[in-house]
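Student: Going down the list, the protein sequences come from chains S and G.
Okay, so the first sequence: first residue is 1 according to this note's numbering, each after it adds one.
Okay, so the second sequence: first residue is 1001 according to this note's numbering, each after it adds one.
2 protein chains.
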Amino acid sequence: MSIETVSKNKSFGGVQGVYKHRSSATGTDMTFAVYVPEHAPGAKLPVLWYLSGLTCTHANVMEKGEYRRACAERGVIFVAPDTSPRGDDVPDDEGYDFGKGAGFYVDATQEPWAKHFRMRSYIEQELPELIAAQFPADMARQGITGHSMGGHGALTIALRNPGRFKSTSAFAPIVSPLNCPWGEKALGGYIGADRSAWREYDACALIEDGAHLPDLLVDQGTADNFLDEQLKTHLLDEACRQADMPATIRMQEGYDHSYFFISTFMAEHIAWHAERL
Amino acid sequence: MSIETVSKNKSFGGVQGVYKHRSSATGTDMTFAVYVPEHAPGAKLPVLWYLSGLTCTHANVMEKGEYRRACAERGVIFVAPDTSPRGDDVPDDEGYDFGKGAGFYVDATQEPWAKHFRMRSYIEQELPELIAAQFPADMARQGITGHSMGGHGALTIALRNPGRFKSTSAFAPIVSPLNCPWGEKALGGYIGADRSAWREYDACALIEDGAHLPDLLVDQGTADNFLDEQLKTHLLDEACRQADMPATIRMQEGYDHSYFFISTFMAEHIAWHAERL
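1. Among S/4, S/39, S/267 and S/12, which has the Cα closest to the Cα of residue 1256 of chain G?
2. Is it right to say residue 1 of chain S is buried, meaning 16 or more other beta carbons lie within 10 angstroms of its own, or is it exposed?
3. So the beta strand (DSSP E) residue 167 of chain S belongs to, where does it begin and stop?
4. Name the chain S residues whose beta carbon is nearer than 8 Å to that of residue 1256 of chain G?
5. With distance defined between alpha-carbon atoms, name the residue in G/1229, G/1194 and G/1165 nearest to residue 1148 of chain G.
6. Answer with yes or no whether the minimum CB distance from residue 1220 of chain G to chain S is below 8 Å.
7. Would residue 1220 of chain G be called buried (16 or more neighbouring beta carbons within 10 Å of its own) or exposed?
8. Can you confirm whether the region 1161 to 1169 of chain G touches the region 1179 to 1186 of chain G when touching is taken to mean that 3 or more C-beta pairs between the two stretches lie within less than 8 Å?
9. In chain G, which residues lie less than 9 Å from residue 263 of chain S when you measure between Cβ atoms?
10. Do the CB positions of residue 1061 of chain G and residue 1080 of chain G come within less than 8 Å of each other?
11. For residue 16 of chain S, go through chain G and note every residue whose CB falls closer than 8 Å to its CB, in chain order.
12. Taking 8 Å as the threshold, find out whether the region 1065 to 1081 of chain G comes into contact with the region 1089 to 1101 of chain G through three or more Cβ pairs.
13. State the Cα-Cα distance for the pair residue 109 of chain S and residue 93 of chain S, rounded to the nearest angstrom.
14. Can you list, in chain order, the residues of its chain with a C-beta nearer than 8 Å to that of residue 4 of chain S? Leave out the 5 residues immediately preceding and following it.
15. Using a Cβ-Cβ distance cut-off of 8 Å, determine whether residue 63 of chain S contacts chain G.
16. Closer than 8 Å by beta-carbon distance: list the chain S residues that pair up with residue 1223 of chain G, in chain order.
17. Cα-Cα, which of G/1181, G/1168, G/1249 and G/1251 is closest to residue 1212 of chain G?
18. Less than 8 Å between the CB atoms is what I'm expecting for residue 237 of chain S and residue 231 of chain S, so what's the real figure, rounded?
19. Under three-state DSSP, which class holds residue 984 of chain G?
20. Is it buried or exposed, residue 202 of chain S, if we count other Cβ atoms within 10 angstroms and call 16 or more buried?
21. Taking all protein chains shown into account, decide if residue 1192 of chain G is buried (16 or more other Cβ within 10 angstroms of its Cβ) or exposed.
22. Under 8 Å between the Cβ atoms of residue 1143 of chain G and residue 1123 of chain G?
23. Under three-state DSSP, which class holds residue 139 of chain S?
24. Quick one: Cα of residue 116 of chain S to Cα of residue 23 of chain S, how far?
25. Out of curiosity, what's the CA-to-CA distance linking residue 1042 of chain G and residue 1130 of chain G?
26. Using only the alpha-carbon positions, how far apart do residue 1058 of chain G and residue 1173 of chain G sit?
27. Considering Cα atoms alone, identify which of G/1053, G/1119, G/1227 and G/1047 is closest to residue 1075 of chain G.
28. Have a look at G/1132, G/1150, G/1210 and G/1227 and flag the residue whose alpha-carbon is nearest the alpha-carbon of residue 1179 of chain G.
29. Pick from G/1240, G/1096 and G/1273: whose alpha carbon is nearest that of residue 1204 of chain G?
30. Considering only the alpha carbon of each residue, which of S/51, S/250 and S/248 lies closest to residue 150 of chain S?
31. Just to confirm my understanding: we take residue 157 of chain S, look at its own chain, exclude 5 residues before and 5 after, and list those with CB closer than 7 Å. What are they?
32. Closer than 8 Å by C-beta to residue 1054 of chain G: which residues in its own chain qualify, once you throw out the five before and the five after it? Chain order, please.
33. Can you list, in chain order, the stretches of the beta strand (DSSP E) that have 3 or more residues and sit fully within the region 50 to 95 of chain S?
34. What does DSSP give as the partner residue(s) for residue 1261 of chain G in the beta ladder?
35. Find out if the Cβ-Cβ distance for the pair residue 175 of chain S, residue 233 of chain S is shorter than 8 Å.
36. Thinking residue 67 of chain S and residue 266 of chain S are a contact (beta carbons under 8 Å), I'd like their distance in whole angstroms, please.
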């Protein structure tokens, strides 16, 4: 389990690195970013996972997310994976919302996607082992967050792995792929026509089916162009109320879907995670 | 003097805008970014100018600079212009360090550059008038900073316009175009072979020739690949000492030339400016 260092830059006293490795889950090279704050020799730091949205790589949040100051202050490692397998032999779709850059954090079962599009296994199993082995990470203290498709990833991975994450949050998440066009296209393509198989990739369905988190923080902008058709934050709110699951879902007046929104609330999310880690 | 709004995004309570206008100085369309914090109706806010480095547009610092939190907290407008004229009829050079993206904040006198490469007039005269007219800006309270070529721009513009800026700082500035390859190429090309004419575009020469600032903050990374050949921070230190000009020049251990460095110290620079504005 070796990794190649693509770049390292000192920032806010710590090191922002970009790394590449051969993934057995996806059968491709995978790139990811890790920020490690300055720390005492031998110290192990808690880990916050950040899953990115459609069209993104590891780089978007690394460049625009403004997480390093808060992570340095709180002593939190920040891990930002890619959103899909990449490479010339990886199948793709013409749309921005399916194929490369749009892995939806699922293990695909349908051809031609099943071979490489195994982002669930990659994020749930392979990459955590690699982070534990290669970085000063205390894997008993993990939190997870993400944006849009990555918010969907954060919610569903946390819900399916009870106890693994001490904290879960999301920025403008897709809360129910069963109930939006992005989800219809992606899960129909990756998982197939049997919609019952989609439920483990649907945060609202997982909660309905009994999965539970101790608490949850969600920020959603009211000026987000995708709110009404794709994100439907109210469905998560309803699912949490029905299941009596604590959730802090904040509608943020005038904010859109961009990193101008994410960066505004990033430090609050990191503080919220750090208090629980 | 009209401007076109390219985009507006709410961020940290204020508005990050991108605007376009027809510039009489450069004879081209010019794009710039302005962040206006939330403020009371009718209030006028101080202005911090940020001049960018080689290859950059208005967008680099807007995306990677991490200035909005500090500007929102301190109530400071942040203006980020482009680094050169743009357009199909604007001459260019094959190098990244001359022509488009490399205006060096000079008014060119040599052909074919003299017609459009008038970034000195644009930054010193035209854009301030436009900012004063179109934004809630208190032009009696201006500060200026910049990175690399933009640090050179900030220093030379402040030195040539005594009293206009209440505060001046720079990140990894080019301190003496007379004494580095970037300067030789750019000033030789834009201004011509008479090196005495370069002195008004050289911070160290301006200080030697009697220009003076009440104080100055400079951060420079020790791991900056351009330090020894291009930036030569020690020349500025020596010029300030010779002229008995107060200057806080901080060599930051292990930091490079990137926005990972700039963003680390951005909030300190904004605080430093805000205290003087």
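Built from N, CA and C at the ideal position, the CB exists for glycine as well.
Tutor: With the given structure in hand:
1. Along the second sequence, one-based indexing puts residue 1256 of chain G at 256. If we check each option's Cα against that of residue 1256 of chain G, S/12 comes out closest.
2. Taking the first sequence and counting its residues from 1, the one referred to as residue 1 of chain S is at position 1. Exposed, by the Cβ-count rule.
3. As a first step, residue 167 of chain S must be located in the first sequence, where it is residue number 167. Where residue 167 of chain S is concerned, the enclosing beta strand (DSSP E) stretches over 165 to 171.
4. Taking the first residue of the second sequence as position 1, residue 1256 of chain G is located at position 256. Going along chain S in sequence order, the residues near residue 1256 of chain G (Cβ under 8 Å) are 9 and 10.
5. Numbered from 1 along the second sequence, position 148 holds the residue referred to as residue 1148 of chain G. Nearest C-alpha to residue 1148 of chain G: G/1229.
6. Walking along the second sequence from the start, residue 1220 of chain G turns up at place 220. Residue 1220 of chain G does not count as touching chain S.
7. Position 220 of the second sequence holds residue 1220 of chain G. With 16 or more other Cβ atoms within 10 Å, it is buried.
8. no
9. On the first sequence, residue 263 of chain S is found 263 positions in, with the first residue counted as 1. Those within 9 Å of residue 263 of chain S in chain G are 1011, 1012, 1066, 1068 and 1069.
10. Position 61 of the second sequence, counting from 1, holds the residue named residue 1061 of chain G. Position 80 of the second sequence, counting from 1, holds the residue named residue 1080 of chain G. In this structure, residue 1080 of chain G lies closer than 8 Å to residue 1061 of chain G by Cβ.
11. Taking the first sequence and counting its residues from 1, one reaches residue 16 of chain S at position 16. Residues of chain G passing the Cβ test: 1260.
12. no
13. If you number the first sequence from 1, residue 109 of chain S lands on position 109. If you number the first sequence from 1, residue 93 of chain S lands on position 93. The alpha-carbon atoms of residue 109 of chain S and residue 93 of chain S are separated by roughly 16 Å.
14. One-based indexing of the first sequence puts residue 4 of chain S at position 4. Counting only Cβ-Cβ distances below 8 Å, and skipping sequence neighbours, we find 19, 20 and 21.
15. For the purposes of this step, residue 63 of chain S is identified with residue 63 of the first sequence, where counting begins at 1. Taking Cβ atoms only, chain G reaches closer than 8 Å to residue 63 of chain S, which makes this a yes.
16. As a working note, residue 1223 of chain G is residue 223 in the second sequence. Near residue 1223 of chain G (Cβ distances below 8 Å), the residues of chain S are 10.
17. As a working mapping, residue 1212 of chain G is identified with position 212 in the second sequence. The shortest C-alpha separation from residue 1212 of chain G is found at G/1168.
18. Position 237 of the first sequence, counted from the first residue, corresponds to residue 237 of chain S. Position 231 of the first sequence, counted from the first residue, corresponds to residue 231 of chain S. About 12 Å; that fails the 8 Å criterion.
19. No answer is possible for residue 984 of chain G: it lies beyond the span of chain G, which begins at 1001 and ends at 1277.
20. Start at 1 with the first residue of the first sequence, and residue 202 of chain S comes out as number 202. The residue is buried, with at least 16 neighbouring Cβ atoms inside 10 Å.
21. In the second sequence, counting from the first residue as 1, residue 1192 of chain G sits at position 192. Exposed is the call here.
22. Along the second sequence, read from residue 1 onward, the residue named residue 1143 of chain G stands at position 143. Along the second sequence, read from residue 1 onward, the residue named residue 1123 of chain G stands at position 123. No, the pair does not count as a contact, with Cβ atoms beyond the cut-off.
23. Stepping through the first sequence from its first residue, residue 139 of chain S is reached at position 139. It is a strand residue.
24. Here residue 116 of chain S refers to the residue found at position 116 when the first sequence is read from its first residue. Here residue 23 of chain S refers to the residue found at position 23 when the first sequence is read from its first residue. Distance between the alpha carbons of residue 116 of chain S and residue 23 of chain S is about 10 Å.
25. On the second sequence, residue 1042 of chain G is found 42 positions in, with the first residue counted as 1. On the second sequence, residue 1130 of chain G is found 130 positions in, with the first residue counted as 1. Distance between the alpha carbons of residue 1042 of chain G and residue 1130 of chain G: 18 Å.
26. Position 58 of the second sequence, counted from the first residue, corresponds to residue 1058 of chain G. Position 173 of the second sequence, counted from the first residue, corresponds to residue 1173 of chain G. Cα to Cα, residue 1058 of chain G sits roughly 18 Å from residue 1173 of chain G.
27. Here residue 1075 of chain G refers to the residue found at position 75 of the second sequence. With distances taken between Cα atoms, residue 1075 of chain G lies closest to G/1047.
28. Taking the second sequence and counting its residues from 1, the one referred to as residue 1179 of chain G is at position 179. Ranking G/1132, G/1150, G/1210 and G/1227 by Cα distance to residue 1179 of chain G puts G/1227 first.
29. Translated into positions along the second sequence, residue 1204 of chain G becomes position 204. Of the candidates G/1240, G/1096 and G/1273, the one whose C-alpha sits nearest the C-alpha of residue 1204 of chain G is G/1240.
30. Locating residue 150 of chain S in the first sequence gives position 150, counting from the first residue. Residue S/51 is the option with its Cα nearest to residue 150 of chain S.
31. In the first sequence, counting from the first residue as 1, residue 157 of chain S sits at position 157. The answer, listed in chain order, is 105, 123, 124 and 144.
32. Walking along the second sequence from the start, residue 1054 of chain G turns up at place 54. Excluding residues within five positions, the ones whose Cβ falls inside 8 Å are 1083, 1096, 1097, 1101, 1102, 1148, 1149 and 1182.
33. 77 to 81
34. Within the second sequence, numbered from 1, the residue matching residue 1261 of chain G stands at position 261. Beta-bridge pairing links residue 1261 of chain G to no other residue.
35. Numbered from its first residue, the first sequence carries residue 175 of chain S at position 175. Numbered from its first residue, the first sequence carries residue 233 of chain S at position 233. Contact flag set, yes.
36. For the purposes of this step, residue 67 of chain S is taken as the residue at position 67 of the first sequence. For the purposes of this step, residue 266 of chain S is taken as the residue at position 266 of the first sequence. Indeed, because the Cβ distance is near 5 Å, the residues count as touching under 8 Å.
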